[in-house]
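Okay, structure first, notes after.
Number of protein chains: 4
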Amino acid sequence: MRLDRAPSLSAAPALVPGLSLQTRYSQVRAASEAISAALSDEDCQLQSMPDASPIKWHLAHTSWFFETFVLVPNLPGYACFDPAFAVLFNSYYVGVGDRHPRPERGMLSRPSRSEIIAYRHHVDAATAQLIAADASACRELIELGLHHEQQHQELMRMDILHAFSRNPTAPACDPAWQAPPRVAPDRRWHTVAAGLYRIGHDNPEQAGEGFAFDNETPAHRIWLEDYRIADRLVNAGAYQDFIADGGYSRPELWLSDGWATAISEGWNAPLYWQRGDGAWTIFSPAGPRPIDPDEAVMHVSYYEADAFARWAGARLPTEAEWEVAAPRFAQGFGVGWQWTHSAYNAYPGFRPATGAVGEYNGKFMINQLVLRGSSWATPPGHARATYRNFFPPAARWMMSAIRLADQA
Amino acid sequence: MRLDRAPSLSAAPALVPGLSLQTRYSQVRAASEAISAALSDEDCQLQSMPDASPIKWHLAHTSWFFETFVLVPNLPGYACFDPAFAVLFNSYYVGVGDRHPRPERGMLSRPSRSEIIAYRHHVDAATAQLIAADASACRELIELGLHHEQQHQELMRMDILHAFSRNPTAPACDPAWQAPPRVAPDRRWHTVAAGLYRIGHDNPEQAGEGFAFDNETPAHRIWLEDYRIADRLVNAGAYQDFIADGGYSRPELWLSDGWATAISEGWNAPLYWQRGDGAWTIFSPAGPRPIDPDEAVMHVSYYEADAFARWAGARLPTEAEWEVAAPRFAQGFGVGWQWTHSAYNAYPGFRPATGAVGEYNGKFMINQLVLRGSSWATPPGHARATYRNFFPPAARWMMSAIRLADQA
Amino acid sequence: MRLDRAPSLSAAPALVPGLSLQTRYSQVRAASEAISAALSDEDCQLQSMPDASPIKWHLAHTSWFFETFVLVPNLPGYACFDPAFAVLFNSYYVGVGDRHPRPERGMLSRPSRSEIIAYRHHVDAATAQLIAADASACRELIELGLHHEQQHQELMRMDILHAFSRNPTAPACDPAWQAPPRVAPDRRWHTVAAGLYRIGHDNPEQAGEGFAFDNETPAHRIWLEDYRIADRLVNAGAYQDFIADGGYSRPELWLSDGWATAISEGWNAPLYWQRGDGAWTIFSPAGPRPIDPDEAVMHVSYYEADAFARWAGARLPTEAEWEVAAPRFAQGFGVGWQWTHSAYNAYPGFRPATGAVGEYNGKFMINQLVLRGSSWATPPGHARATYRNFFPPAARWMMSAIRLADQA
Amino acid sequence: MRLDRAPSLSAAPALVPGLSLQTRYSQVRAASEAISAALSDEDCQLQSMPDASPIKWHLAHTSWFFETFVLVPNLPGYACFDPAFAVLFNSYYVGVGDRHPRPERGMLSRPSRSEIIAYRHHVDAATAQLIAADASACRELIELGLHHEQQHQELMRMDILHAFSRNPTAPACDPAWQAPPRVAPDRRWHTVAAGLYRIGHDNPEQAGEGFAFDNETPAHRIWLEDYRIADRLVNAGAYQDFIADGGYSRPELWLSDGWATAISEGWNAPLYWQRGDGAWTIFSPAGPRPIDPDEAVMHVSYYEADAFARWAGARLPTEAEWEVAAPRFAQGFGVGWQWTHSAYNAYPGFRPATGAVGEYNGKFMINQLVLRGSSWATPPGHARATYRNFFPPAARWMMSAIRLADQA
């Protein structure tokens, strides 16, 4: 597994195992602030839909995570920055207490962004103190907090792009943004023979294994039949052919729920695509730009990915099929998350972590599909072969792409 | 696999392989009319929610299925009973043409129930003519039509019960109905060793294999880790303990979507359960009756089944775990459908049938969970070990029950 | 005030003052059953929207009204037909007790229509007994019950037409129905001089005054400026000119809420109008038929009537302007109810009746507009110059027509 | 008519007729910016519901009004600040072109607040140039623009209070805010004799009449019966008695739509009221504070005002009754807008202004009730006896109060 390119917005290098915990902590925390550096206070206030959050909320919530799960239980004498934040910036941990309702996050003009930055620095200082005292004691929780923060860094990029897309003046949230690498059109099928394979992550507490979320564990055997899987992503040109061939007006290509969604939402192209005078443009972090037929198609729902695959005479891979083959491909990571055919569910023998942190993943194992790989917006060092991202089938505001598979 | 009891409402015996196609056809068709025999025209008009259909609509749609897929293409000179029915009674086959909107089915006071019965007999006569001419030619399509009709027989029982539950006078839709057998409380765990197992149904066209829907195919290998599975269903007494222990007020027991649904729908017990003066009653086909602690709990959503399992320190089985072990248990069939942990999805190598009949199953493979077994309302001869029933996780109006499993 | 024609559906003659109370009671009650005579049990079960009720519910509710307000308080020893009906058939009288939710009325397949007819006859027998004992004692309440039942007779005609309009086979609910008289196109303006006028009804308890609902009282003075008012209704031809002139696509003609409603509901013609091959048809009680340009336009919302008037360079009359002038015109009554510009509100000095009957009118005096006159569906003898009908501005399923007015 | 107190937020003195147009223009425009002076950029971004707008939107829209209706048609060579603003800041004038959807106003982080302030100053400079060239030419449109801006000043105070009320930390949007004068509890009835009265405003173009909106014209005669009207507003203590007497749980006190709204919205007190430990607090511009029984009750819907009046054995006044009597009372103005019993409708002979400005009032004359007087948030010089404010019956976020009336 490797990441082929660094996202443009963040200066943070990958989490190099050799770095000290403090150094890594500082780098990840700085990356969050870097993402928001070019945004105004007004930009950071926007919440464009209940699924998205204001940038300032992300900045606060990631700090709340360290305060709640690392500092309060472990740093004697730690003084909370503001007791009200315990409720305001709790996302969904019912084991910890009340939560401000998610759709209301955009109503919090107070605390101001600058107070939230002060909150971050307060938490950073205390964490530094804790690490200095005994780095090994809370290493695991701090690692969890850092990976959590990296997830929010990608969410920040998704959310601000969505918010800006609602502005008729089409502003750029990251004018220097560069599109990810192009997808050469000459797709090749990679064939995998039937057999018993091993997927998932070993217990992350074992030495030398590196970090993994609980939903990637335990590693386990799975039987796969013969299959083939494309060595690269579907590109925009192929997707335009799908559109031109009536892809959005032929119900026989769609799942029943997908067709109903496409009709009710008025879908006729991926999110952020617009057709003007015959040419397609996409709304990107750098603003609207022409679509390159060789770029990977992104911002498609599972329903669209599935319909495209059916139109192409193929199907989407299962997450196991992906994990066995795709990490070795040139574009397995770093461009777009790849929809799989697999419902997000517990691995055999899965046990969530004890305590409120156990709510991190397990309680979302319903009504979602797994996406694999990573995207241009994923922080360096965050992706891995066993990583399980997940979204509901109608979601489109993440950087979701399509990789085809089929029976061999 | 065996069915332990005959449902009370239907006089139809099981589909015995030795019977002639015409005899089996006549038996199944008669069973549908038998289910509705005790209902008034007004009862047969009710549609209590978009997911349910009027009894008269079921009677017409199952005839439309034969007319559309069997008679029109295969019986030369066949005259449609009424051309308008092609739209009125098409359920969801877009390949066949327009459809009357599902939530509007209850608005069709015309055609009358007696016209629909005449329609049935018109179709029956033409099918008899076709079978007499060449029984083997359309055998597969007629078999599909009969299994389709049997599915609707269970839906009729579900839908009329739901409709009657909305009537404050609590009428009985089947006064002679008898509750399914009780569940002895001394549950035993059955352990299965890890290994490669074979599930699913062989190609139904092969001789001697009997009927299966396309979604049960192809048979394929699957690796299972060690697990254990309960030899009987969860009974109402255990579920009452769950309620008494705060099961409906402890979010940590629930999936996140499940908790949100329980709150928004005001759930505090299974559907049709009511507590009065300390005692629980259930609304049954025979009207309200006291709940027996030893009866199987039914009419629970996936969310409730999952929360109960978590409360009980266990989990739900996957559909493969179920298929490998449960068909041999005394209560594998005939009481209640058993929620599995498995999202409803295509088996490896699944190919839907060609033509509009291919819409039968494949396009619903999203946002649903598989249930296995069968219920008291399933017609005799309709269930089998490989059968895959499916419903969205919030549905409760079917006869859904709970079987527990866990790692061994 | 006079009624120019008898509605086609009802054989009941007008309420002639000289008739005995018992005779009038019998005539009105029989008229309700006559309306439903040609309908099947399935037809009588339909509820096509929350604002409408099943025919059988109307038949029951009007009996409930006599049972609750006349028989129970006044007939010693009266035995209620079925205690459950007290809740099932209470429309909106909170002072009387619980009510079955309005949108659920269509779910009551039980009691059956025949039980409801038996209920009617039970009530009729008891009322006859009461009248025979002392006709004068309950005369006022019985009169109220009869006028209430006549209102429901018009609602029955509205509701069954609406229900049948949802059936793609376009059945006729009253095959013998005859359209009301045509509107000659040569409209003339009738001018009224400014002055102090008297409108409303004198206390209905006074001898010789005849019946009136409480909302028509007290009679009172009102100042009117010079105005003119059309002597006939707007016909379909004029309304077609409005459509052809872009009436449904020019927001400047519409009230803001009206425009929003027209857009969200997709209105482009009156309810029940359809354009096919250039010709307009209307769905009528006798089924679909061509629109005659000289028939009165009906089934328009207030928003459409108001937009039409603005397009025509006029306005709608106030209810006082209507009452002062329109009762003397040939088509003041018996064709279609005429939207006025007046919000439905209490007259100066209005006091609702005491007790639950006081809920009859007063609590609806918000968010509605007054319509004056009567329609082809209004029972003979029910209309009068002071009558105040009322509906929300978006309602269209009643027989609502347009009369223009303007400053003189 | 007089204004008894100056609102705390604005330094602007009343519009004194003797001042020059330029001076008045400058004062009004400065007052808008003064209201927002203490608010952060993030505060100014909030839109808490579709009916409310962000503060920065108000600042821009009021400038758009001058640009669109005054500068573009009348100042030769005027260069629009930004052509995109024509759509972004058009509120509802379809005659002028497209509009950004109202519920999306809170999504406009760009243009920034500082750009909007620059836009204001650009418009101010051009208007000064126009006034200097020929003050009389556009006097009427400029006057309209100034009164329009004053309306938005009150909306700004309503909207920011509503937005801040959604923040659990309960911030103060105007810490220096002072409550309006108390209402002495010894209410007296003022009796008015029946007769023909004159209400409304003479043509505003006539010399010496002062400004009025078109909806106040023409002045006209109206007949009133004997009535009495309270000389002061209902205070919080009386309203607390209503609550204590079950006001929110007795449907017989409520209009039917009002009761349905109260149930669905969970109302049990006026907006911004909260009960804690037996004592009531209200969320005010200065933050939460105890309720003084002698303060006027405010933030009640029409439904609540109407229910309170019924409970008190009285009713609300009509707008004519109010206009004839209330302007002379000590608290006719400057505390809270007073709900009347009158639907908002056109006066006899009303003609909207020609052109797009004609959309200002007329198209909203449906589904709203008239409120009279003014509130603490109304800018000095903006109120008058003939002024007609209007809101839907369920609205509560404006400063709405209750004055009782009754038949004499």
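Protein chains in written order, with numbering that gives the first Met the number 0: chain A, 0 to 407; chain B, 0 to 407; chain C, 0 to 407; chain D, 0 to 407. Where a beta carbon is used, it is the ideal one built from N, C-alpha and C, also for glycine. As the structure is a prediction and not an experimental result, all values here were calculated from the model.
Could you give the first and the last residue of the continuous alpha helix (DSSP H) run that contains residue i?
i: Val-86/B; result: 84 to 87
i: Asp-240/C; result: 235 to 243
i: His-146/A; result: 138 to 164
i: Ile-116/A; result: 112 to 132
i: Gly-361/A; result: Segment: none, Gly-361/A is in no alpha helix (DSSP H) and carries neither H nor E.
i: Ser-19/B; result: No alpha helix (DSSP H) contains Ser-19/B, which DSSP labels as neither H nor E.
i: Ala-308/C; result: 301 to 310
Going by C-alpha to C-alpha distance, which of the options sits closest to residue i?
i: Asn-366/B; options: Ser-399/B, Ala-393/B, Gly-354/B and Ala-352/B; result: Ala-393/B
i: Ile-290/B; options: Tyr-271/B, Ala-127/B, Ala-29/B and Trp-336/B; result: Tyr-271/B
i: Asp-123/A; options: Asp-244/A, Gly-275/A, Leu-20/A and Val-299/A; result: Leu-20/A
i: Ala-83/D; options: Glu-114/D, Leu-232/D and Ile-54/D; result: Glu-114/D
i: Ala-345/C; options: Arg-101/C, Gly-335/C and Asn-214/C; result: Asn-214/C
i: Ala-278/C; options: Pro-292/C, Ala-285/C and Asp-225/C; result: Pro-292/C
i: Gly-372/C; options: Ala-355/C, Gly-331/C, Glu-251/C and Ser-341/C; result: Gly-331/C
i: Ala-313/A; options: Ala-382/A, Tyr-226/A and Ile-281/A; result: Tyr-226/A
i: Gly-144/A; options: Tyr-91/A, Arg-98/A and Phe-68/A; result: Phe-68/A
i: Gln-128/A; options: Ala-404/A, Ser-25/A and Gln-406/A; result: Ser-25/A
i: Ala-329/C; options: Arg-181/C, Ile-242/C and Leu-195/C; result: Arg-181/C
Mind pulling the chain D residues with CB within less than 8 Å of residue i?
i: Leu-87/A; result: Pro-167 and Thr-168
i: Glu-251/C; result: Val-93, Gly-94 and Glu-358
i: Ala-285/A; result: Neighbours of Ala-285/A on chain D: none; closest Cβ ~15 Å, over 8 Å.
Taking the continuous beta strand (DSSP E) assigned at residue i, which residues delimit it?
i: Asp-275/B; result: Reading off the sequence, residue 275/B comes out as Gly, not Asp. That run of the beta strand (DSSP E) goes 272 to 275.
i: Tyr-226/D; result: 226 to 229
i: Val-323/D; result: That residue, Val-323/D, is in no beta strand (DSSP E); its alpha helix (DSSP H) goes 318 to 324.
Pull up the CB-CB distance for residue i and residue j, whole angstroms please, since I reckon it's below 8 Å.
i: Ala-376/C; j: Glu-153/C; result: 5 Å
i: Phe-360/A; j: Phe-212/A; result: Reading off the sequence shown, one finds Asn at residue 360/A, where the question assumed Phe. 6 Å between Cβ atoms; contact.
i: Ile-401/D; j: Ala-304/D; result: 5 Å
i: Ala-355/B; j: Gly-17/B; result: Contact flag wrong, Cβ pair sits at about 32 Å.
i: Phe-80/C; j: His-146/C; result: About 23 Å separates the two Cβ atoms, so there is no contact after all.
Just the chain B side, please: which residues come within less than 8 Å of residue i by C-beta, in chain order?
i: Gly-348/A; result: Glu-224 and Gln-406
i: Met-106/C; result: Leu-45, Ser-47, Ala-162, Arg-165 and Asn-166
Cβ closer than 7 Å: which chain C residues qualify as neighbours of residue i?
i: Glu-41/B; result: Asp-40, Glu-41, Gln-44, Ser-108, Ser-111 and Arg-112
i: Ala-342/D; result: Ala-342 and Asn-344
What does residue i touch in chain C if you count any residue whose Cβ is under 8 Å from its own?
i: Glu-103/B; result: Arg-165
What residues from chain A crowd round residue i, counting only those whose CB sits closer than 9 Å?
i: Leu-254/B; result: Gly-361, Lys-362, Phe-363, Met-364, Ile-365 and Asn-366
Would you say residue i touches the ligand HEM, meaning its beta carbon is less than 6 Å from a heavy atom?
i: Val-369/C; result: As presented, the structure is devoid of all ligands, the ligand HEM included, so that no description of it is given.
Below 8 Å, can you find three or more Cβ-Cβ pairs linking the region 258 to 277 of chain B to the region 30 to 44 of chain C? no
Check whether the region 163 to 170 of chain A and the region 92 to 108 of chain D are in contact - that is, three or more C-beta pairs closer than 8 Å. yes
Should the region 155 to 165 of chain C be called in touch with the region 51 to 61 of chain C, which here means at least 3 C-beta pairs below 8 Å? yes
Are there three or more Cβ pairs, one per stretch, closer than 8 Å when the region 231 to 243 of chain B is compared with the region 296 to 305 of chain B? Touching, yes, given that three or more Cβ pairs across the two stretches are closer than 8 Å.
Check whether the region 172 to 190 of chain B and the region 95 to 102 of chain B touch, using three or more Cβ-Cβ pairs below 8 Å as the test. Between the region 172 to 190 of chain B and the region 95 to 102 of chain B there are fewer than three inter-stretch CB-CB distances shorter than 8 Å, so the stretches are not counted as touching.
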